[in-house]
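K.L.:
Residue numbers (the numbering used here): -15 to 659. Using N, Cα and C, we set each Cβ at its ideal position, and we do this for glycine too. All figures in this text were calculated on a predicted structure; none of them were measured in a lab. Take this structure, written in structure tokens, and hold onto it; I'll ask about it next.
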């Protein structure tokens, strides 16, 4: 063992092996699989909790005189239990595990000498308030509704009893058993004769609900509300009863009286009313001290996307983002007629509160399935009519899409979800237009928008981020330089958003009439340059036709941008350029652009911060290129500008190339059918 700077630990189960990269980062150690390694090459064994791998790790460590490390989920786990998604946090214990409070463990040691630094305790207070404000729990896939909506009778106070899964190791670890749950229920009923007994079941309890069994045995009436976020229940309850659930600690954070019938890390410290002899000989600690020990000293957090160590604040922010994005889709989504590639691309975006989307071949099949499940139908773009017999949404690329073109089958990192009219369809108001017209933009949101705009400019990020160098012309001083971004003329944004000027050649002619002495550069759309889509007749009134170059370089070169509906107009506004608009894109009609067409329904005058907040923060959905999980636009901009992307192996690249050619043919065929 001499001379090895990094330690080596052996994992004892397939489940742990799937998390080996996380474990290696948590420990800054090398990870190997047991028994495929000699014992003299390892420093210790790692098991999971008190599952078989955890018990075996203890036995092997004793047998070979090695370290024993026990791994468990942290107190902020993720969106939903039982899903194959990375955890926000873990705990690693070198003595035992936190829920076995009658045996030595690292958390008990931390609480024996609680934190006293005022700044550290203020951080703990701030984080507890944040968790409560954002309604975050260990899992965060339950609807945020009131107890009344979930089925708790009104007009009578209630106490909350927290159920657990029969046989769970945390029950035995707390010195309890099924009888403790019956005792707890009896005590709660006797102590609260005029109150409703509300039972919050564990998400994984099913038929193993100990309190349901106890109520049946005792003949007591209980109310089991529908699945809901626990915070409103905790806050409305007159008291909370638990054996060893983590919800007991969340009840303390909610300021409620908590009765403990088992030994937990937070009981026996003067914070709870403890029943029985299970919580003796524990030192006192404040709520902030317990939180700091459990959530900040004991728990380790990993970035959801990069899987690098991160702060608790970072993990909480990511948990909020994940929960908020998925809560925008409350119904199960059924897609209609998506290609295999688009199914793969859309699945991360369409995973909502009701789980993964279901992809079906036809509109008829999607409608039937949505009707049967109380779900919603999803269609791509604006060309297909929405069904009349089921709720439906439209999907489209977002404004910070990817590092590469969609026609090249680059997976998107942003999409927009809308109702009958997507953001480019000016025939009616989109969700984005309604957000801009009616939305409330507080200073916190506007400050975030300003910060995001600065980040986009500093990192040089646009919609496709192709990054090729532009050959910029030198123009005589004093002569206006105008950039006209070309568009795909059969694109829906022109068909539905530019009723008068409908071709690139007509646009260039119109701009030449407005600015006869200007130096006009017409930059062809990348899809047209690639030959996949048509750009119409070549404009004859431009001084130069540009085939390449990053659009941001051209924007920086220009004095102004003239466009029908191109997103380049928005990107030019972002960079302080004057923009003339000949169509009706989402950013026109608000007093920020020189509009050649009137848009009477857009009455509100806004500043650019409000436009950024609505169009880049509130409206789109984002997923991170590395994880495929919801992220903030700031995270996506940082990742795109950093250059790291997931890469396929040789076989994957071969299939991708074939799929790209098939997709190109499909796009050409589709465009040929449009008139």
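Is residue 38 helix, strand or coil when you go by DSSP?
P.N.:
The residue labelled residue 38 in the question sits at position 54 within the chain shown. Three-state DSSP puts residue 38 in a helix.
K.L.:
Use the C-beta contact count for residue 0: other C-beta atoms within 10 angstroms, 16 or more gives buried, fewer gives exposed.
P.N.:
One-based indexing of the chain shown puts residue 0 at position 16. That one is buried.
K.L.:
Less than 8 Å between C-beta atoms, sequence neighbours within five positions excluded: which residues of the same chain meet that for residue 380?
P.N.:
To locate residue 380, count along the chain shown from 1; it is residue 396. The residues are 364, 365, 366, 399, 400, 402, 406, 407, 408.
K.L.:
On the DSSP letters alone, give me the boundaries of the alpha helix (DSSP H) that residue 237 sits inside.
P.N.:
By one-based count along the chain shown, residue 237 stands at place 253. Residue 237 -> alpha helix (DSSP H) spans 231 to 237.
K.L.:
Within the segment 130 to 209, note down every full beta strand (DSSP E) run reaching 3 residues or more, in order along the chain.
P.N.:
142 to 146, 180 to 184
K.L.:
Span of the beta strand (DSSP E) holding residue 544?
P.N.:
On the chain shown, residue 544 is found 560 positions in, with the first residue counted as 1. Unbroken beta strand (DSSP E) run through residue 544: 544 to 547.
K.L.:
Give the range of the beta strand (DSSP E) segment to which residue 274 is assigned.
P.N.:
Against the chain shown, residue 274 aligns to sequence position 290. Per DSSP, residue 274 belongs to no beta strand (DSSP E); it is in the alpha helix (DSSP H), 271 to 275.
K.L.:
When DSSP builds the beta bridges, which residues end up paired with residue 563?
P.N.:
Here residue 563 refers to the residue found at position 579 when the chain shown is read from its first residue. DSSP lists 545 as the bridge partner or partners of residue 563.
K.L.:
Can you tell me which of the three DSSP states residue 362 falls into?
P.N.:
Taking the chain shown and counting its residues from 1, one reaches residue 362 at position 378. Strand, per DSSP.
K.L.:
Apart from the five residues just before and just after residue -7, which ones in its own chain have a Cβ nearer than 8 Å to its Cβ?
P.N.:
Against the chain shown, residue -7 aligns to sequence position 9. Same-chain partners within the cutoff: 7, 11, 13, 14, 15, 16, 26, 27, 28, 29, 30, 51, 53.
K.L.:
Do you know whose CA, among 285, 466, 310, lies nearest residue 333's CA?
P.N.:
Within the chain shown, numbered from 1, the residue matching residue 333 stands at position 349. It is 310 whose Cα lies nearest to the Cα of residue 333.
K.L.:
Examine chain C for any beta-carbon lying closer than 8 Å to the beta-carbon of residue 285, and answer yes or no.
P.N.:
Although the question refers to chain C, the structure presented lacks it and comprises just one protein chain.
K.L.:
Nearest CA to the CA of residue 38: which residue from 60, 76, 49, 23?
P.N.:
Within the chain shown, residue 38 is the residue found at index 54, counting from 1. Nearest C-alpha to residue 38: 76.
K.L.:
Is it buried or exposed for residue 263, if we count other Cβ within 10 angstroms and need 16 for buried?
P.N.:
For the purposes of this step, residue 263 is taken as the residue at position 279 of the chain shown. Its Cβ being crowded by 16 or more others within 10 Å, residue 263 is buried.
K.L.:
Is the separation between the beta-carbon of residue 293 and that of residue 285 shorter than 8 Å?
P.N.:
Mapped onto the chain shown, residue 293 falls at position 309. Mapped onto the chain shown, residue 285 falls at position 301. For residue 293 and residue 285, yes; Cβs fall inside 8 Å.
K.L.:
Flag this pair as yes or no: are the beta carbons of residue 441 and residue 620 separated by less than 8 Å?
P.N.:
Taking the chain shown and counting its residues from 1, the one referred to as residue 441 is at position 457. Taking the chain shown and counting its residues from 1, the one referred to as residue 620 is at position 636. Contact: no.
K.L.:
So residue 16 is in the beta strand (DSSP E); what residue range does that whole segment cover?
P.N.:
Here residue 16 is taken as the residue at index 32 of the chain shown, counted from 1. First-last of the beta strand (DSSP E) with residue 16: 14 to 17.
K.L.:
Between residue 297 and residue 121, is the Cβ-Cβ spacing less than 8 Å?
P.N.:
To locate residue 297, count along the chain shown from 1; it is residue 313. To locate residue 121, count along the chain shown from 1; it is residue 137. No, they are not a contact pair.
K.L.:
What are the boundary residues of the alpha helix (DSSP H) that includes residue 478?
P.N.:
Indexing the chain shown from 1 puts residue 478 at position 494. It spans 476 to 479 - the alpha helix (DSSP H) in which residue 478 sits, taken as one unbroken run.
K.L.:
Check each candidate in 182, 213, 396 and name the one with the smallest Cα separation from residue 605.
P.N.:
By one-based count along the chain shown, residue 605 stands at place 621. Here the closest residue by C-alpha is 396.
K.L.:
Could you pull out every residue in the same chain whose Cβ sits closer than 8 Å to the Cβ of residue 459, ignoring the five residues on either side in sequence?
P.N.:
Counted from its first residue, the chain shown places residue 459 at position 475. These residues qualify, in order along the chain: 465, 503.
K.L.:
Less than 6 Å between C-beta atoms, sequence neighbours within five positions excluded: which residues of the same chain meet that for residue 410?
P.N.:
Counted from its first residue, the chain shown places residue 410 at position 426. Counting only Cβ-Cβ distances below 6 Å, and skipping sequence neighbours, we find 481, 568.
K.L.:
Could I get the ranges of all uninterrupted alpha helix (DSSP H) runs contained in the segment 322 to 358, with 4 residues as the minimum, in chain order?
P.N.:
324 to 334, 347 to 357
K.L.:
Please report how far the alpha carbon of residue 433 lies from the alpha carbon of residue 18, in whole angstroms.
P.N.:
Working through the chain shown from its first residue, we reach residue 433 at position 449. Working through the chain shown from its first residue, we reach residue 18 at position 34. Computed Cα separation, rounded: 50 Å.
K.L.:
Quick one: what's residue 614 bridged to in DSSP?
P.N.:
On the chain shown, residue 614 is found 630 positions in, with the first residue counted as 1. Paired residues: 607.
K.L.:
For residue 378, which option in 562, 362, 371 has the closest C-alpha, if you only look at C-alpha atoms?
P.N.:
The residue labelled residue 378 in the question sits at position 394 within the chain shown. Ranking the options by Cα distance to residue 378, first place goes to 362.
K.L.:
Per the contact definition of three or more C-beta pairs closer than 8 Å, is the segment 298 to 306 in contact with the segment 128 to 143?
P.N.:
The segment 128 to 143 is not in contact with the segment 298 to 306.
K.L.:
Whole-angstrom Cβ separation of residue 318 and residue 359, contact assumed at under 8 Å?
P.N.:
For the purposes of this step, residue 318 is identified with residue 334 of the chain shown, where counting begins at 1. For the purposes of this step, residue 359 is identified with residue 375 of the chain shown, where counting begins at 1. At roughly 5 Å, the Cβ-Cβ gap stays under 8 Å, so residue 318 and residue 359 are in contact.
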